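Enquirer: Numbering (mature numbering (1 follows the signal peptide of the UniProt record, and there is no 0)), first residue to last: -19 to -1, 1 to 86. For each residue, glycine too, the CB sits at the ideal point set by N, CA and C. None of these values were measured; they are calculated from a predicted model.
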Amino acid sequence: MAQYLVVVALLLVAASATAAALARDPVTQSTLLAMLGIALAVLFTVLQAPDVALSQLAVGTAVTPLLILLTVRKVRRGTGDGADGKRGESTDPDTPSRDARGRRR
């Protein structure tokens, strides 16, 4: 019975890893990466490695996808280039203007 559980868990890991690799959108990739983390945690639990499974749940399912999502959000928001092409100047009127060294003007 345990061998069947291992095979099912391995198939789940293979399917979720393939889906994450084939996804184009970073948000979708992050979600599929979290699913892969859960599948790996299930596999480690079936293989009687609960400590590794807990680590995988914490890091692979929560922290890594969160960091990816925060990075995607930061990149999509932009680097702060203004409409006139000057670096460091935002087009947002609520954002204070900064010089080349990062000091407020």
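Whole angstroms is fine: what's the gap from residue 41's alpha carbon to residue 4's?
Expert: As a first step, residue 41 must be located in the sequence shown, where it is residue number 60. As a first step, residue 4 must be located in the sequence shown, where it is residue number 23. Those two C-alpha atoms are separated by around 18 Å.
Enquirer: How close, in whole Å, do the beta carbons of residue 1 and residue -8 come, if the pair is a contact with beta carbons under 8 Å?
Expert: The residue given as residue 1 occupies position 20 in the sequence shown. The residue given as residue -8 occupies position 12 in the sequence shown. About 12 Å separates the two Cβ atoms, so there is no contact after all.
Enquirer: Under DSSP, the alpha helix (DSSP H) around residue 58 begins and ends at which residues?
Expert: Here residue 58 refers to the residue found at position 77 when the sequence shown is read from its first residue. Element bounds for residue 58: 45 to 58.
Enquirer: Please report the straight-line C-alpha distance between residue 28 and residue 85, rounded to a whole angstrom.
Expert: To locate residue 28, count along the sequence shown from 1; it is residue 47. To locate residue 85, count along the sequence shown from 1; it is residue 104. Distance between the alpha carbons of residue 28 and residue 85 is about 56 Å.
Enquirer: Hey, residue 24 and residue -4 are a contact pair by Cβ (cut 8 Å); roughly how many whole angstroms apart?
Expert: Locating residue 24 in the sequence shown gives position 43, counting from the first residue. Locating residue -4 in the sequence shown gives position 16, counting from the first residue. Not really, about 11 Å apart at Cβ, beyond 8 Å.
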